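Reading through the structure tokens given below for one structure.
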Amino acid sequence: MGWSLGRKQGAAAAPYRDGYLRSAAWRDTRRRYFAWVHAQGAVPSCQVCGARRNPDDTALDLHHLSYEHCGKDAAGNWFSRETVEDLVLMCRDCHKELHRILDGSGKDWKGWDRRRASVAVIVHLRGRRPVRQA
Numbered sequence: 008m009g010w011s012l013g014r015k016q017g018a019a020a021a022p023y024r025d026g027y028l029r030s031a032a033w034r035d036t037r038r039r040y041f042a043w044v045h046a047q048g049a050v051p052s053c054q055v056c057g058a059r060r061n062p063d064d065t066a067l068d069l070h071h072l073s074y075e076h077c078g079k080d081a082a083g084n085w086f087s088r089e090t091v092e093d094l095v096l097m098c099r100d101c102h103k104e105l106h107r108i109l110d111g112s113g114k115d116w117k118g119w120d121r122r123r124a125s126v127a128v129i130v131h132l133r134g135r136r137p138v139r140q141a
């Protein structure tokens, strides 16, 4: 079992990638997350390298530490109940690198769940990547 527990690969990823990540439920969650960041008085930035967002927040991804609070209901509609603790703000480059490590390592890490493995990789990446200035 790889680090990226719960992440689907190849064709199995299509419903999540082409369905959920394009759904109104996900767009609303993204909007709420960025509103929360702004309400904290913070500027949205990558939690690995510090890269900042574009004015429309499109330059940053939200990495799921857990898929527990998203999916489809009994009627087949996407739902999104993620909390701010379920998501990590990352630039596209750092997010891709995180998934390269998670999905390609083949490590089990003593049965770690997705959240713990993701945090370990983020800490690792922080030590390797230069911090970007605004």
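Per my numbering, the sequence shown runs over residues 8 to 141. Glycine is no exception: its CB is placed at the ideal position from the N, C-alpha and C atoms. Note that this is a predicted model, so its numbers are computed, not measured.
| query | result |
| --- | --- |
| Could you pull the start and end residues of the alpha helix (DSSP H) that TRP85 belongs to? | Taken as a continuous stretch (DSSP letters only), TRP85 belongs to no alpha helix (DSSP H), being part of the beta strand (DSSP E) at 85-87. |
| Please work out which residues of its chain come closer than 6 Å, Cβ to Cβ, to LEU105, disregarding the five sequence neighbours upstream and downstream, and give them in chain order. | VAL128 |
| State yes or no: is the C-beta of ALA124 within less than 7 Å of the C-beta of CYS98? | no |
| From the DSSP secondary-structure annotation, give me the bridge partner or partners of ASP68. | MET97 |
| My assumption, with CB atoms under 8 Å, is that TRP33 sits in contact with SER87. Please give the rounded CB distance. | 6 Å |
| How many whole angstroms separate the CB atoms of VAL95 and GLN54, which I take to be in contact at a CB cut-off of 8 Å? | 5 Å |
| Buried or exposed for ALA141, please, with buried defined as at least 16 other CB atoms from any protein chain shown within 10 angstroms of its CB. | Residue confidence for ALA141 is low, a pLDDT of 47 falling below 50, so the modelled location carries little weight; the figure read from the coordinates is stated next. With fewer than 16 Cβ atoms within 10 Å of its Cβ, ALA141 is classed as exposed. |
| For ASP57, report the span of its beta strand (DSSP E) as first-last. | The sequence shown places Gly at residue 57, not Asp. Note, GLY57: premise wrong, no beta strand (DSSP E); not H, not E. |
| Would you kindly work out how many angstroms separate the C-alpha atoms of ASP120 and SER30, rounded to a whole number? | 26 Å |
| In angstroms, rounded to a whole number, what distance separates the CA positions of HIS45 and GLU89? | 18 Å |
| Beta-carbon separation of LEU109 and ASP93 under 7 Å? | no |
| Taking Cβ to Cβ, would you say HIS102 is nearer than 7 Å to ASP80? | no |
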